[in-house]
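Novice: Going down the list, the protein sequences come from chains A and B. Each residue of the first sequence is one higher than the last, beginning at 0 in numbering that gives the first Met the number 0. Each residue of the second sequence is one higher than the last, beginning at 0 in numbering that gives the first Met the number 0.
There are 2 protein chains.
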Amino acid sequence: MRATYMYGPGDVRVIDVPDPIIQNPTDAVVRVVRSCICGSDLHPYHSMPPTPEGSSMGHEFVGIVEDIGSDVHTVRKGDFVIAPFAWSDGTCDFCREGLQTSCRHGGFWNAGDVHGGQAEAVRVPLADGTLVPVPVAEDSPLIPSLLTLSDVYGTGYHAAVKGRVGPDTSVTVIGDGAVGLLAVLSAKQLGAQHIILMGRHKDRTDLGREFGATDIVAERGEEGIAAVRELTRGDGTHVVIEAVGHMPAYQQAIGVVRPGGVISRVGVPQYSDAPIGFGTLFGPNITLTGGPAPARAYIDTLLPGVLDGSVHPGKVFDREIDLDTVPEGYRAMDDREALKILVRA
Amino acid sequence: MRATYMYGPGDVRVIDVPDPIIQNPTDAVVRVVRSCICGSDLHPYHSMPPTPEGSSMGHEFVGIVEDIGSDVHTVRKGDFVIAPFAWSDGTCDFCREGLQTSCRHGGFWNAGDVHGGQAEAVRVPLADGTLVPVPVAEDSPLIPSLLTLSDVYGTGYHAAVKGRVGPDTSVTVIGDGAVGLLAVLSAKQLGAQHIILMGRHKDRTDLGREFGATDIVAERGEEGIAAVRELTRGDGTHVVIEAVGHMPAYQQAIGVVRPGGVISRVGVPQYSDAPIGFGTLFGPNITLTGGPAPARAYIDTLLPGVLDGSVHPGKVFDREIDLDTVPEGYRAMDDREALKILVRA
């Protein structure tokens with residue numbers, strides 16, 4: 000089959016690899032219907048150490064169950080399924096608490112002998128805990144929105160939940176990528192009345208308005224901070240969702256958060272150390288939270304709204320390509336020509 | 000009157016200064032009955048840039064109202080009062096939300112023309128918002144416990160509240176100073192069943208056991224982390240209260256917090272940057288919270304238990320000295336000869 004591998008910065012190739020097969024009784028093999036390219040895939044695209052064997056790519060996919068191991072009970076061959084971006088047993092204490100990203104027996108795609116979703120098929124470990132069957136056909140118009148439940152919608156929602164967004168909290172979302180935009184949608188769903196979106200791509204921020212943003216701030220750095228403060232009587236907002244992952248976005252978050260407020264990070268941090276001392280987090284009692292979203296947990300919460308058409312998170316996809324065109328898709332997303340790219344396997 | 004000033008590392012002097020007087024209609028002048036030396040006073044004692052004019056010291060005191068301005072209504076001359084470690088108007092939105100340390104018109108002792116509590120008397124700005132009258136005599140045996148409401152008890156309680164300690168959360172407290180010990184007491188009051196205290200001074204950890212600690216870990220660094228993990232089936236605890244402020248304590252907190260858990264800092268951080276990247280906070284979805292406690296807010300919550308004798312936070316005081324002996328008191332606390340020193344003004 001064909002599958003996507005990255006070999007170093009800017010070096011993405013679609014290559015032939017062996018078809019995945021059941022290795023353990025709890026495995027399933029899923030034929031991918033749609034996958035996509037993630038903003039977080041651009042981090043290794045910029046800075047991955049070159050490696051001759053390459054790294055398989057893709058952590059978001061929906062597809063059809065092709066085969067199951069003897070100990071798989073909750074999905075059957077032929078089921079349409081959503082795969083969240085971490086695989087998990089669904090039974091350990093962390094899974095029961097809704098933190099499937101810390102599952103005692105789980106893991107992430109593209110690590111060890113578990114490969115990625117930007118491919119024709121994927122071996123899914125712990126299929127019972129991981130996969131969510133949905134009663135739709137593989138040509139359903141809902142598929143882009145269902146695919147967002149793999150990662151970006153759940154990640155935006157995680158940001159809002161961890162930030163404790165509610166009807167009485169003002170919110171700033173930093174970043175107009177798919178996660179930022181779906182954080183806006185999530186904040187709106189959780190009742191926020193005042194949602195400021197910081198982003199400078201008009202087509203994206205227009206979608207942000209459609210999802211619920213009440214104000215757009217295109218400026219960045221000190222100017223951006225000043226603009227948010229002007230919109231909030233000098234105070235900043237109760238919640239700041241950081242959906243980028245680079246240090247300037249973190250610094251911006253510090254600049255626009257209200258004393259006693261929360262910075263909720265879902266952009267994968269591309270730094271290790273950062274300011275958290277008296278002058279930044281401690282003095283004003285700022286809480287810093289966030290992390291990889293337990294997307295599996297949020298599928299149960301968010302799926303009904305997708306199925307009944309009350310939300311359309313799939314609008315973040317603005318281009319669809321074939322699997323063999325994935326390298327060009329990376330380039331287009333990196334050049335900000337495309338917001339988020341849907342991949343036909 | 001006599002008042003304590005610090006001029007540089009290790010250089011504390013009790014000097015003659017003018018008696019405080021009412022400057023604004025909202026001021027009160029309080030004659031200090033008892034003040035004390037705080038663990039956080041030891042930070043400038045180690046590293047304060049030398050200054051010829053000195054810096055007034057002390058932010059915890061109880062006393063008798065000696066004079067009030069024309070616009071003070073909630074305390075009267077002769078009232079016994081507790082002064083929390085920040086002064087605040089009690090009416091702004093932050094005060095109403097219980098974040099008096101971010102009061103729009105308030106501030107901290109020993110800044111500008113507001114002086115400190117390690118003195119015979121103090122001018123208290125915004126007396127209505129700041130001072131809490133308590134119906135006790137100035138020779139009441141409750142005074143040490145009432146004085147802890149100025150700072151250390153409220154600070155320990157803040158750590159537990161911000162960490163969301165409850166009956167189902169395991170807790171590690173790092174630091175066996177007064178704040179750490181009162182964080183143990185607070186965690187116990189909030190229902191925690193499993194409280195690990197990390198400290199290596201047996202007299203202090205014995206008091207920690209009395210306050211509710213179920214386990215003591217005397218080791219520090221990697222050994223300390225291993226010991227806590229052994230007590231928690233390898234996981235660490237849901238909540239870690241960091242009551243020290245130095246980088247090794249922060250690193251220890253990272254090492255003993257359970258995935259999805261909370262690090263609640265109340266030790267004043269003596270660093271600005273620290274690890275918060277994927278491998279520390281982000282990957283395991285750790286929340287970092289804390290800051291200066293709005294002690295004023297917690298007095299309402301904690302005072303009844305002190306008055307009815309159900310808790311005895313004043314046990315953290317293990318020595319009482321006269322004001323003129325304060326420099327020796329700093330030395331004794333710094334040398335860990337004394338846990339916390341009560342000062343007779």
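Where a beta carbon is used, it is the ideal one built from N, C-alpha and C, also for glycine. Since we're looking at a predicted model, the values are computed, not measured.
Give me the Cα-Cα distance between B:I346 and B:L148, rounded to the nearest whole angstrom.
Specialist: With chain B represented from 0 up to 344, any question about residue 346 of chain B goes unanswered, as that position is not in the structure.
Novice: To be precise: take each residue of the region 262-286 of chain B, compare its Cβ to all Cβ atoms of chain A, and keep it if any distance is under 8 Å. Which residues remain?
Specialist: For the region 262-286 of chain B, which is checked against every Cβ of chain A, the residues closer than 8 Å are R264, V267, P268, Y270, S271, D272, A273, P274, I275, G276, F277, G278, T279, L280, F281, G282, P283, N284, I285 and T286.
Novice: Does any C-beta atom of chain B lie closer than 8 Å to the C-beta of A:E229?
Specialist: Not one chain B Cβ lies under 8 Å of A:E229.
Novice: Who are the neighbours of B:E96 on chain A, taking C-beta pairs under 9 Å?
Specialist: Near B:E96 (Cβ distances below 9 Å), the residues of chain A are G259.
Novice: Who are the neighbours of B:P291 on chain A, taking C-beta pairs under 8 Å?
Specialist: Correct list: F281, G282 and N284.
Novice: Examine the Cβ distances between the region 239-256 of chain B and the region 245-252 of chain A and report whether three or more of them are shorter than 8 Å.
Specialist: Verdict: no, contact absent.
Novice: By Cβ distance below 7 Å, which residues in the same chain neighbour A:D333 in space, the five residues on each side in sequence not counted?
Specialist: So the list reads L41 and Y44, once near-sequence residues are dropped.
Novice: Among residues of its own chain, excluding the 5 on either side of A:V239, which ones have a beta-carbon nearer than 6 Å to its beta-carbon?
Specialist: The residues are T171, A252, V255, V256 and I262.
Novice: On the three-state DSSP scale, how would you describe A:E222?
Specialist: Reduced to three states, the DSSP call for A:E222 is helix.
Novice: Is A:A120 closer than 8 Å to A:V29 when the C-beta atoms are compared?
Specialist: It is a contact, given that the beta carbons lie within the stated cut-off.
Novice: Check whether the region 300-317 of chain B touches the region 299-315 of chain A, taking contact to mean three or more Cβ pairs, one atom from each stretch, closer than 8 Å.
Specialist: In short, these stretches do not touch, since the Cβ pair count stays below three.
Novice: Roughly how far, in whole angstroms, is the beta-carbon of B:G62 from the beta-carbon of B:S87, given that I think they are within contact range, below 8 Å?
Specialist: 18 Å between Cβ atoms; not a contact.
Novice: Could you name the residues that DSSP lists as bridge partners for B:W86?
Specialist: Partner(s): B:G106.
Novice: Please tell me whether A:S101 has its Cβ less than 8 Å away from any Cβ of chain B.
Specialist: Yes - at least one Cβ of chain B is within 8 Å of the one on A:S101.
Novice: Please give me, in chain order, every unbroken run of the alpha helix (DSSP H) with length at least 4 that falls completely inside the region 220-297 of chain A.
Specialist: Segments of the alpha helix (DSSP H) lying fully in the region 220-297 of chain A: 220-230 and 246-255.
Novice: Measuring only between beta-carbons, confirm whether A:F107 sits less than 8 Å from chain B.
Specialist: No, A:F107 lies away from the interface with chain B (no Cβ there is under 8 Å from its Cβ).
Novice: Taking the beta carbon of A:D127 as the centre, do at least 16 other beta carbons fall within 10 Å, making it buried, or is it exposed?
Specialist: A:D127 should be labelled buried.
Novice: How would you label B:H114, buried or exposed, when you count the other beta carbons within 10 angstroms and need 16 or more for buried?
Specialist: Classification for B:H114: buried.
Novice: Identify each residue in the region 139-165 of chain A for which the Cβ-Cβ distance to at least one residue of chain B is less than 8 Å, and report them in chain order.
Specialist: Against chain B - using a Cβ distance shorter than 8 Å - the residues of the region 139-165 of chain A are K161.
Novice: Going by DSSP, what residue range makes up the beta strand (DSSP E) through B:F60?
Specialist: Counting along the chain, the beta strand (DSSP E) containing B:F60 begins and ends at F60 to I67.
Novice: Leaving out five residues on either side along the sequence, give the residues of the same chain with a beta carbon under 6 Å from the beta carbon of A:T286.
Specialist: Cβ within range, chain order: V261.
Novice: Any beta-carbon of chain B closer than 8 Å to the one on A:T288?
Specialist: Yes, its Cβ sits closer than 8 Å to a Cβ of chain B.
Novice: If you drop the 5 nearest sequence neighbours on each side, which residues of the same chain put their C-beta closer than 8 Å to that of A:L184?
Specialist: Taken in chain order, the residues that qualify are Y152, G155, F210, G211, V310 and P312.
Novice: How big is the Cα-Cα spacing for B:L196 and A:D66?
Specialist: Between B:L196 and A:D66, the C-alpha separation is close to 51 Å.
Novice: By a C-beta neighbour count over all protein chains shown, 10 Å radius and 16 as the cutoff for buried, is B:L339 buried or exposed?
Specialist: Reading the sequence as shown, one finds Lys at residue 339 of chain B and not Leu. Buried.
Novice: With 8 Å set as the bound, which would you pick, yes or no: does the beta-carbon of B:F84 sit closer than that to a beta-carbon of chain A?
Specialist: By this cut-off, B:F84 is not an interface position.
Novice: Look up B:P132 in the DSSP assignment and say whether it is helix, strand or coil.
Specialist: Reduced to three states, the DSSP call for B:P132 is strand.
Novice: Give the single residue among A:K187, A:H157 and A:A225 whose Cα lies nearest to the Cα of A:G165.
Specialist: Ranking the options by Cα distance to A:G165, first place goes to A:K187.
Novice: Under three-state DSSP, which class holds A:L41?
Specialist: If DSSP states are grouped into helix, strand and coil, A:L41 belongs with the helices.
Novice: Quick check on B:H72: buried or exposed, where buried means 16 or more other Cβ atoms within 10 Å of its Cβ?
Specialist: Result: exposed.
Novice: Output yes or no for whether 8 Å exceeds the beta carbon distance between A:A292 and A:V267.
Specialist: Contact flag unset, no.
Novice: Can you name the residues of chain A whose CB is closer than 8 Å to the CB of B:F93?
Specialist: Per Cβ cutoff of 8 Å: P258 and G259.
Novice: Using CA atoms only, rank isn't needed, just tell me which of B:I173, B:S101 and B:R219 is closest to B:G207.
Specialist: The residue with the shortest Cα to Cα distance from B:G207 is B:I173.
Novice: Since I believe B:G116 is in contact with B:F60 (beta carbons under 8 Å), could you give me their beta-carbon distance rounded to a whole number of angstroms?
Specialist: Yes, B:F60 and B:G116 are in contact; Cβ-Cβ is about 3 Å, under 8 Å.
Novice: Please report the Cβ distance between B:G215 and B:T204, rounded to the nearest whole angstrom; I am assuming they are in contact, meaning their Cβ atoms lie under 8 Å.
Specialist: According to the sequence shown, residue 215 of chain B is Ile rather than Gly. Contact flag correct, Cβ pair sits at about 5 Å.
Novice: For A:K76, count the other beta carbons within 10 Å of its own beta carbon; 16 or more makes it buried, fewer makes it exposed. Which is it?
Specialist: Exposed is the call here.
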